[in-house]
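Each residue of the sequence shown is one higher than the one before, starting from 180 at the first, in the working numbering. Beta carbons are placed, not taken as given, at the ideal position from N, Cα and C, and that holds for glycine. Single-structure report; data block below.
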Amino acid sequence: MKKTKNKKDIIFFSSPIQLDARLADNLIVLGQPCGEIPNGILHIASYLDSFGIRSIVVPIDAFLYKKQFVDISHLIESVVSIFRKQILYYDPDILAFEMMYTFNSDTVLDVIKKIKEMFPQKLIIIGGNHATFCSGDILNPSKNNGVDIVIRGEGEFTTKEIVEAYLNKTLDKAKIQGISYLHDGSIIHNTERLRGDLKHLPQLNYNLILLPDDVNIIMFNHSVMFTRACKGNCTFCTSPSMWNRQITSKTSEKFKSDLLYLVSNGVFHISVWDDDIFVTDESFNQVVAVLLSIKLLYPNVNFYVQSRVSHFRNSNKKIHNQLDLLKKAGVIRIHLGVESGSQIILDAMNKNYKAEWIFDACSAIKEHDIEVGVFIIIGHPGSSAIEEQVSYDLIQKLFINSLIDDMQCHILSPLPGSAVASDARLKIASENVNNYGIVYNYPVYDLVDQRGNITFSQQEIWLWLLNFLDLRQQYLGLDPRVSNKLKA
Ligand code: B12
Ligand code: SF4
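Here's what the structure looks like:
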């Protein structure tokens with residue numbers, strides 16, 4: 180292996196999120212100018228670093244945030260030029276691309292294609308939520324995307340195996356679990372890798388993130404996670420197939436060190452974005468103990484968490500004790516995956532709770548002086564104008580009773596890896612994935628019955644989104660993400 184001062188073994192590239200011109204109307208920057216810390220690749224880089232493998236993480240939005248883009252090819256050109264510069268400087272053997280989201284997956288592939296043309300000798304690997312479920316499409320030989328290996332699912336342990344073997348020139352792709360690749364023109368999907376033990380993960384090494392001179396860590400939004408996976412099996416979500424509903428967690432010492440790094444650097448708003456903060460009593464007790472200890476040291480810190488309505492059944496004593504602890508630990512808002520107020524839709528989504536528990540859940544949280552955020556999905560199979568009205572009425576009742584402080588509404592996106600993506604009641608009208616998953620997306624489907632007759636059209640679903648947005652505006656003010664263009 181060549182040893183130069185700047186030499187890296189692998190560079191991790193995040194994908195442009197805030198600045199994709201194709202999305203500009205839908206996804207307007209909220210929060211910090213540099214967007215999100217790319218958590219997935221930071222985890223992998225930190226793990227490799229603990230074995231002496233040299234890497235850096237390039238958070239592309241931090242390099243682009245001051246630029247204006249005229250169109251998507253201009254954006255891609257800029258991204259490629261920044262990546263090229265880093266590749267020439269650090270001369271890595273492996274280039275690793277994050278493909279977390281469906282909406283910008285085309286952009287990521289456009290960038291990779293160009294990078295591969297410039298550096299054909301470098302091994303290109305890719306991973307993340309979208310990549311996990313679309314490996315066949317990404318590797319499709321006719322598309323010539325330039326990707327050598329897709330790493331499916333959890334990234335740390337597979338990437339380490341690949342990088343070590345590649346650097347030692349002993350890589351035998353057939354022997355690595357959890358990857359897909361091309362062999363003699365055919366796509367090979369190796370067997371799935373079992374979930375790893377997160378207790379082996381080191382503290383996150385934020386120093387591996389390459390920052391432009393005028394950027395620091397406070398200029399990002401920060402979300403951290405203690406556990407991976409949840410016990411739910413919701414049809415529209417990719418978590419069940421991504422993490423196999425197997426709850427794992429880091430050590431609470433490492434989690435505490437991750438948080439201490441952030442707060443000691445002035446980050447005082449942190450989302451603890453575990454799928455479900457109450458997922459097990461053991462993990463809840465650990466996470467809350469860490470948050471309490473941080474709050475004691477840094478009284479200004481605020482945390483945001485998310486959970487499921489099902490924990491709030493009958494507003495029992497246990498949940499009130501837990502809410503009391505969260506309040507003391509500095510949690511100022513709990514986001515609930517409410518999704519709908521209609522029992523018919525909730526059952527179709529496999530939410531596994533009763534619509535009447537929603538009111539109790541929100542009331543219980545507010546009793547502890549914690550804000551309530553709700554997520555709503557419109558147009559799921561099983562939905563109709565009648566059911567959306569039922570849902571609307573319940574949300575309105577919550578607003579009237581001052582039980583909602585934040586609300587995000589989405590039209591369903593059939594995300595790859597979610598159960599609903601193969602639901603026969605969705606008649607996909609557009610193959611365009613550029614607005615999948617993002618807020619205020621126009622529906623890409625009509626809902627149909629068994630004979631293929633439309634039961635709930637794109638246009639009707641869209642109008643219901645606008646109804647929910649009006650309700651939101653009435654009680655919370657206009658969401659800054661609602662552009663005039665969208666309302667028109
Ligand atoms: C926290 C979170 C957020 C945070 C920000 C996260 C961030 N830092 O970018 C916030 C709240 C801002 C957010 C926003 C959105 N999110 Co989000 N988010 C999550 C969540 C809950 C956790 C992500 C995370 O940090 N995981 C922890 C790390 C360690 O895991 P990981 O990222 O999956 O990475 C591992 C593997 O994927 C893999 N891997 C990842 N990258 C790479 C790269 C390589 C090279 C390799 C080898 C492996 C690899 O290895 C990693 C380590 O094991 C996930 C759901 C989930 N439970 O995974 C949804 C999720 C990623 N979000 C999703 C979506 C849709 C969104 C939004 C578009 C929603 C919206 N309408 O606004 C926005 C858009 C993003 C934006 N910035 O504007 C979807 C994406 C699905 C898809 N196919 O598009 C997910 C999967 C949830 C879902 N619905 O199923 N999100
Ligand atoms: S929507 Fe929430 S509760 Fe349901 S499977 Fe996904 S992460 Fe779990």
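(message) Among 586, 495, 592, whose alpha-carbon lies nearest the alpha-carbon of residue 546?
(response) 495
(request) Check whether the Cβ atoms of residue 456 and residue 485 lie closer than 8 Å to each other. (result) yes
(message) Quick check on the burial criterion: 16 or more other C-beta atoms within 10 angstroms. Buried or exposed for residue 429?
(response) buried
(request) Name the two residues that bound the continuous beta strand (DSSP E) containing residue 588. (result) Element bounds for residue 588: 585-590.
(request) In the DSSP assignment, find the unbroken beta strand (DSSP E) run with residue 598 in it and report its ends. (result) First-last for residue 598: undefined, no H or E at that position.
(message) At a cut-off of 7 Å, would you count residue 407 as near the ligand SF4, judging by its Cβ distance to the nearest heavy atom?
(response) no
(message) So, for residue 375: in the same chain, excluding its five sequence neighbours on each side, which residues have a beta-carbon less than 7 Å away from its beta-carbon?
(response) 333, 335, 336
(message) Less than 8 Å between the C-beta atoms of residue 384 and residue 284, yes or no?
(response) no
(request) Kindly confirm or deny that the stretch 562-576 and the stretch 509-529 touch, where touching means at least three C-beta pairs closer than 8 Å. (result) Touching, yes, given that three or more Cβ pairs across the two stretches are closer than 8 Å.
(request) With DSSP collapsed to three states, give me the class of residue 373. (result) coil
(message) Can you determine whether any heavy atom of the ligand SF4 sits closer than 7 Å to the C-beta of residue 418, and answer yes or no?
(response) yes
(request) Classify residue 553 as helix, strand or coil using the three-state DSSP reduction. (result) strand
(request) For residue 242, name the three-state secondary structure that DSSP assigns. (result) helix
(message) Suppose contacts are defined by Cβ-Cβ distances below 8 Å. Is residue 558 in contact with residue 635 by that definition?
(response) yes
(message) Please report the straight-line C-alpha distance between residue 267 and residue 350, rounded to a whole angstrom.
(response) 24 Å
(message) Is residue 558 near the ligand SF4 - that is, is its Cβ less than 7 Å away from at least one heavy atom of it?
(response) no
(message) What does the alpha-carbon distance come out to for the pair residue 204 and residue 343?
(response) Confidence is the limiting factor: at residue 204 the pLDDT is only 43, short of 50, which leaves the residue's position unreliable, though a coordinate-based value still follows. Roughly 43 Å between the two C-alpha positions.
(request) Could you pull out every residue in the same chain whose Cβ sits closer than 7 Å to the Cβ of residue 556, ignoring the five residues on either side in sequence? (result) So the list reads 415, 518, 519, 589, 591, once near-sequence residues are dropped.
(request) Give me the Cα-Cα distance between residue 609 and residue 630, rounded to the nearest whole angstrom. (result) 20 Å
(request) Give me whichever residues DSSP pairs with residue 309 in a beta bridge. (result) DSSP lists no partner for residue 309.
(message) Mapping the DSSP letters down to three states, classify residue 496 as helix, strand or coil.
(response) helix
(message) Within a Cβ cutoff of 7 Å, which residues of the same chain sit near residue 446, ignoring the five residues on either side of it in sequence?
(response) For residue 446, where only same-chain residues beyond five positions count, the Cβ hits under 7 Å are 396, 397, 401.
(request) Could you name the residues that DSSP lists as bridge partners for residue 439? (result) Paired residue(s): none; residue 439 is not in a bridge.
(message) At the level of alpha carbons, what is the spacing between residue 527 and residue 593?
(response) 14 Å
(message) For residue 362 and residue 258, I'd like the C-alpha separation in whole angstroms.
(response) 29 Å
(request) Check whether the Cβ of residue 516 sits closer than 7 Å to any heavy atom of the ligand SF4, and report yes or no. (result) yes
(request) Have a look at residue 584 and residue 614 and give me their C-alpha separation to the nearest angstrom. (result) 26 Å
(message) Run through the DSSP bridge pairs and tell me what residue 400 is partnered with.
(response) 215
(request) Using 7 Å as the cut-off, classify the Cβ of residue 332 as near or not near the heavy atoms of the ligand SF4, replying yes or no. (result) no
(request) Give the single residue among 212, 184, 656 whose Cα lies nearest to the Cα of residue 393. (result) 212
(message) Rounding to the nearest angstrom, what Cα-Cα distance links residue 460 and residue 490 in this structure?
(response) 11 Å
(request) Please name the residue, chosen from 622, 504, 561, 532, that lies closest to residue 515 on a Cα-to-Cα basis. (result) 532
(request) Could you name the residues of the same chain whose beta carbon sits closer than 7 Å to that of residue 289, not counting the 5 residues immediately before and after it, in chain order? (result) 255
(request) Take residue 242 and list the residues in its own chain whose beta-carbon comes closer than 7 Å to its own, dropping the five residues that flank it on each side. (result) Excluding residues within five positions, the ones whose Cβ falls inside 7 Å are 261, 391.
(message) Less than 8 Å between the C-beta atoms of residue 504 and residue 469, yes or no?
(response) no
(request) Note down, in chain order, each residue of its chain lying with its Cβ closer than 8 Å to the Cβ of residue 382, except the 5 sequence neighbours on either side. (result) 225, 433, 436, 437, 440
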